[in-house]
Each structure stands twice: as C-alpha cells, then as structure tokens.
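To keep things clear, I will list the structure first and then write my remarks on it.
Spelled out as structure tokens, the structure:
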C-alpha cells in the first residue's frame, strides 16, 4: 500500500543497505575494469581513492618555494569566492526584493526586468562576465552574486507579496508603527524563513557557476583542480573532490535548515 | 510535527531510491558494457571464427575509434572523411577502410576530452602531442605510430607593452598549465638563457586568455597560446608582439597519432594502424598536389577555427607537416629526438605532476610503456606505388 509505515529499524537497515550496495558495486566495477587494463585510472579502487585523499593533503611546490597542500589552497579559493559572492548577492536581492514587494512605484519599473533576467541561465552569460569583469576575484564574485541575484530577488519579492497579508501591515500601522518598523518588524520577520530557504536553494546554482568558471579561468579552486587532474587522468583525485563537493552541499543544506528552525520556530515546513 | 516527519522521511526514501537506481545502473552499465568492451578489447575472441581464416573478404570489419580534435594536421582526418577515403561513421566504410577491411569511427572532441577518452579506454587511438601522451601513458600503455606535424611558431608568447624578455620577468603570463604551452614557455626561456622560475605562468584556458588579451584586458599583458589563437591575437591589436615562439625549439613539440597497446594487439589492430597511416599520407599528397592543394587547405581550414585559404597557408608554415614518410621515420629514429627531446619532455612531465615517475620510453622495440614505432610508416613506404 502506498505510504504504509515500516518499522524504524527496517528503514535504517535499508538506508545502510543502499549505501553498502552502492559502495560494493562500485568496487566490483573497479576490479572488473582493472582486470581489463591493470593500469586503468578511470574507476579507481578504494585503495587508489585513499591514495588520492592522501595526495591532496601533501605539501606542494619545491623545497625552496613551498606551497600549501592543494586541498587547503583550493578550498580557500573556492569558499572565499562563494562566500563573498553569496553575501553580496543575497544582501542585494533582499534589499531589492523587499522594496519591490513594499512599494508599487519600485515594483513597477523593476519587476519586468528582474523577471526577464532571472530566466537567462547565468552560465550562458559567462562570456560576458569574462569580458566585462576581468579574470580575478571580482569576476567570480560578480558572477556568483549576479547569478543568484535575479532569481532570488524575484522569489523574495513574491514572498513579500504572497506571504505578508495586508491585514498584518494595517494592524502595525494602527498600532503606530513607522514605515521602517513595518518593513523590519512585519515584512522582514515574516519572510525570513523564505529567505533562508531561498539561500539554501541558490547554493546549488551558485556552485554550478563558480565551478564552471573555475574550470576555465583560475589557478586555484575546486573547479580548477578537477579540470587539471582529469586532464592528467588522476581520476582518484577527481572523485575525492566530487565527494568533497557533495559534503559541502550537505553541510550547507543542514546548516541552513537548522538556522531556519532556530530563528523561525513558528514556521511550518511545507505550509505555503 | 507529524507532517514534518513524513516529508523528511519521504525525502530520505527518494534519496534511497535514487541510490538504488544508481547502483543498479552502474552494475547494469558495467554488464551491458562488458560484451561491447570485450568485443572491442579482444575482437579476436568475438570474431575469431570469422576472421581467423584470414579471408578478409567475407569477415565483418573490426571497428576502431580514433579521437581527434581540430588542429591542422589532425583535421586532415575530418577532410579524409569528406573526400571518402574513410567514413567516420560507425558501420560505414570509405575506400581505405575497405582496403584493410577496418571500420574506423572518428570521434571529434575538444583536445582535453580526447585525452580523457583515450586515457579511459573509450577510444582506440588519439591525436595527441608528445607531451600530453606521457600523462595518458600512465593509465594506458601506448604506441605512437606516426608524427603528423611539429610546432614551428604555432605556439607563441604574445605580449602587449612588453618589448623584451627582461621586461616580462615578474609579470604573469596566462596559458594552460601542465600543457604544451607551459612546456614551450619554459623551454624557450631556457634557450634564451633565462631562469623560468623568474617568469610566473598562471592558469587560464587558452581561448579565454586569447579573448581577454584581444579585449585589451590590462591585467593580461602576456599570453602563451597555440594556433589559431596566436594568429588571431597578433592581428587583433596593433601593440601585440610575438616575444618568442616554438621556432626556438625546432622539433620538440610533436603532434602524433597514438594507439593503445591493447588496441594495437587486437586482431586487425595493425591493419587499423596501417589504414590511419595511409589516410594521412594520401591526404598529404592531395595537399602537395597543385590541383588539389587549395581545396584540401580550405577543407582543413573549415575544420580548424573556420580559417580561410590565406590564413591556412600561414598556419601550415607554423605547423610543419610530416608529409614525407621518410621524414617521419627520420624523426622517430634520430638521436636528438630519442636522447634529448623526449628525456626533456619526460622531465617536464615529472616536474609538473603529469606523471609521478619518468615514463619508460622505447623506440620501436615495443618494450616500454610508451613506444615510438615506425613500423607502420615503413610498411607504407615499402608498398608498391601505383
């Protein structure tokens, strides 16, 4: 029967079973591939993967000119770009989205533009970023920030329009709130959970633009390393980096859900 | 609360189902691949009943794949498909394919993708340089069956506002790391008596670097790229200046066709190599013949950055073809290539982590991990000419 309950222990056992099946079938596939070509690096075995894991923590460079291990170097580059880009993009889109939802005379000129630009895939705009914003931190930051800005401004604006009732705004006015107070105490507090969810949804796309850009122009970063290592066929390092990307995604996801539950305990999940 | 519980649980369930599907898919993929793989990996076993007799007339042709990217001496294979010498589609055969009873499938991809395809055994042969092949040989024992061309100016360091080598010191040059570009950059500096360590080289895709340079990006005063970007960049701005080029290191950067040792060892593997060699020289004849020269160059240009005839005439001076088989044999067998060039390349590959240890090289003996074999070119030379 659809949605019939199963006991918790069975649920957990199946969850673990799924992961075990995945890992075992991977190792078998790798062993088969190794039988065909003993030197294959396409599907590295777990032994090879742990070699890759060690390698990314080894110091780089020469003795007279030592460099940090590639993992820290790449993480620092990518996370810094992501954080700055997200920070600017999120704050700008909150400001614009809230104002658009609050004032009709701001909404009117901006909403058609924002709606249109939010539909263009930011990866398709990459050549423009390269041409306009150069190739350094500024380019990555503006790409991530602008990449998420339009669709986020659009959803925040919609959240203000749909989730904040006229009634609650009028109530606040009746109680003598100023305009700033209405925006902060009524509108902002009610849409905060939507904003956090929005950020959560935008981290994925932001990572896509960032990794894609790093593959093309960068001398450090997760995207750069994945391209260079796959170019020299070190698939074991590529796979380790992919796992790291997955872990970053999971941490961000759980972190933001936690944050929302902590800041907005009143918010019903799934209730729209 | 209850609602939350169900929704997060159904999320986990979906995740689990996804994982299970993935698991099955990987297994299934492996299984479905295995007959195909062993079909190509040892087509001997699959076809032994039919080809074993040696009667090639009735045997079904063995299929081989050649991965190529757009480059003057490699785009030749694309043009060969156009003029009907070979048919690049699987299941269709051109005149040379029929002669050897081989079905060659041409895979057009970007250069980096070609390396990945070949290194991961998704292609039997690849068009690649003598530098990148050492990295790929780390995952697959390889045989270079012929050189196709050498860079004589097709890789260049182009600067704006920097007139001498000494001015370049300390300023970043953009180009593809761990590649022919970086090799050429360092070797030229060495030849000019400089220490490469004083000249920073930082990563950027050559096409993007060339575009940024052409767009007069002030932060990109110097780029190290290959053709067609060299030609485009020099033309795009009046202050562009070729500081040095692969002219300084003649016959060090070699474009080649390489076949996996496993593929070459298959039944009809050597016929495949012969067919590729014959195609290359047949096309070169067309290029050297007055009557077909321009048409062939236009054909290559159409498959190399959409260049026109006049540009192609410049390109073939910067990328010198080994259009004479004797010249190809000379290169692979001469002392300079074996004792100087390849050890230098090998050193570069170790220095930048393309290979962990020097790749074991051999020249025509078939013993090394990477072998440079002139057998097939020599056989072509010995063929009775019509």
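Residue numbers (our numbering), protein chains in the order written: chain X, 31 to 302; chain P, 3 to 388.
All C-beta atoms in this analysis are idealised placements derived from N, C-alpha and C, irrespective of residue type, glycine included.
Among the options, whose alpha-carbon lies nearest the alpha-carbon of residue i?
i	options	result
residue 274/X	208/X, 74/X, 68/X, 102/X	102/X
residue 134/X	56/X, 190/X, 263/X, 203/X	190/X
residue 307/P	280/P, 269/P, 289/P, 233/P	233/P
residue 275/P	225/P, 382/P, 250/P	382/P
residue 83/P	284/P, 319/P, 259/P	284/P
residue 76/X	282/X, 132/X, 266/X	266/X
residue 286/P	66/P, 74/P, 69/P	74/P
residue 230/X	289/X, 31/X, 44/X	289/X
residue 153/P	336/P, 361/P, 324/P, 348/P	324/P
residue 256/X	202/X, 140/X, 100/X	100/X
residue 143/X	284/X, 127/X, 157/X	127/X
residue 126/P	252/P, 219/P, 199/P, 269/P	269/P
residue 146/X	209/X, 184/X, 69/X	184/X
residue 236/P	186/P, 160/P, 344/P, 180/P	160/P
residue 181/X	168/X, 161/X, 228/X	228/X
residue 133/P	68/P, 123/P, 114/P, 329/P	114/P
residue 380/P	294/P, 272/P, 217/P, 359/P	272/P
residue 62/P	216/P, 102/P, 292/P	102/P
residue 205/P	358/P, 187/P, 168/P	187/P
residue 98/P	378/P, 280/P, 313/P, 351/P	280/P
residue 138/P	70/X, 178/X, 86/X	70/X
residue 218/P	231/P, 207/P, 208/P, 238/P	238/P
residue 166/X	153/X, 107/X, 122/X, 123/X	107/X
residue 136/P	85/P, 312/P, 354/P, 378/P	354/P
residue 180/P	372/P, 350/P, 361/P	350/P
Starting from the C-beta of residue i, find all residues in its chain whose C-beta is less than 6 Å away, skip the five residues before and the five after it, and write them out in chain order.
i	result
residue 241/X	253
residue 162/P	223, 241, 242
residue 282/X	233
residue 343/P	254
residue 37/P	Only weak support is given to the placement of residue 37/P: the predicted model assigns it a pLDDT of 38, under 50, and the value that follows is read from those uncertain coordinates. Once the five neighbours on either side are set aside, residue 37/P has no close Cβ partner at all.
residue 245/X	253, 257
Ends of the beta strand (DSSP E) at residue i?
i	result
residue 206/X	First-last for residue 206/X: undefined, no H or E at that position.
residue 128/P	127-131
residue 153/X	First-last for residue 153/X: undefined, no H or E at that position.
residue 322/P	321-323
residue 87/X	Counting along the chain, residue 87/X falls outside any beta strand (DSSP E), and DSSP gives it neither H nor E.
Return the chain-ordered list of same chain residues with a C-beta closer than 7 Å to the C-beta of residue i, the five sequence neighbours on each side being excluded.
i	result
residue 39/X	none
residue 77/P	302, 305, 306
residue 55/P	Note that residue 55/P scores a pLDDT of 40, beneath 50, so its modelled location is shaky; the value from the coordinates is reported in the next line. Cβ within range, chain order: n/a, list empty.
residue 216/X	194, 198, 199, 202
residue 170/P	161, 164, 201, 224, 245
residue 112/P	71
residue 211/P	176, 177, 222, 225, 227
residue 374/P	146, 334, 365, 366
residue 174/X	111, 112, 115, 116, 119, 236, 239, 240
Can you pull the DSSP bridge partners for residue i?
i	result
residue 64/P	104/P
residue 170/X	Partner(s): none; residue 170/X has no beta bridge.
residue 262/P	144/P
residue 203/P	175/P
residue 109/P	69/P
Alpha helix (DSSP H) containing residue i: first to last residue?
i	result
residue 7/X	In this structure chain X extends from 31 to 302, so residue 7/X is not present and cannot be described.
residue 213/P	208-216
residue 54/X	38-66
residue 287/P	271-290
residue 137/X	134-147
Within its chain, find whatever has a CB closer than 8 Å to the CB of residue i; leave out the 5 residues flanking it on each side and keep chain order.
i	result
residue 30/P	Because residue 30/P sits at a pLDDT of 43, beneath the cut-off of 50, its placement in the model cannot be relied upon, and the following sentence gives the value as read from the coordinates. Closer than 8 Å at the Cβ level, and outside the excluded window around residue 30/P, lies no residue.
residue 61/X	75
residue 107/P	65, 66, 67, 68, 90, 91, 92
Please confirm whether residue i has its beta-carbon closer than 8 Å to some beta-carbon of chain C.
i	result
residue 117/P	Note that chain C does not occur in the displayed structure, where the protein chains are X and P.
_Which runs of the alpha helix (DSSP H) at least 4 residues long sit entirely within the stretch 133-199 of chain P? Give them in chain order._
134-139, 167-170, 182-193
Counting only runs that start and end within the stretch 68-99 of chain P, where is the alpha helix (DSSP H) found for 4 or more residues in a row? The stretch 68-99 of chain P is shown to contain whole alpha helix (DSSP H) runs of 4 or more residues at 74-85, in chain order.
| request: Mind listing, in chain order, the continuous alpha helix (DSSP H) runs of no fewer than 4 residues lying wholly within the stretch 221-260 of chain P? | output: 231-238
Enumerated in chain order, which unbroken segments of the alpha helix (DSSP H) with a length of 4 residues or greater are wholly contained in the stretch 213-271 of chain X? 219-246, 252-261
Check your understanding: Enumerated in chain order, which unbroken segments of the beta strand (DSSP E) with a length of 3 residues or greater are wholly contained in the stretch 303-377 of chain P?
Key -> Within the stretch 303-377 of chain P, the complete beta strand (DSSP E) runs of at least 3 residues are 321-323, 372-374.
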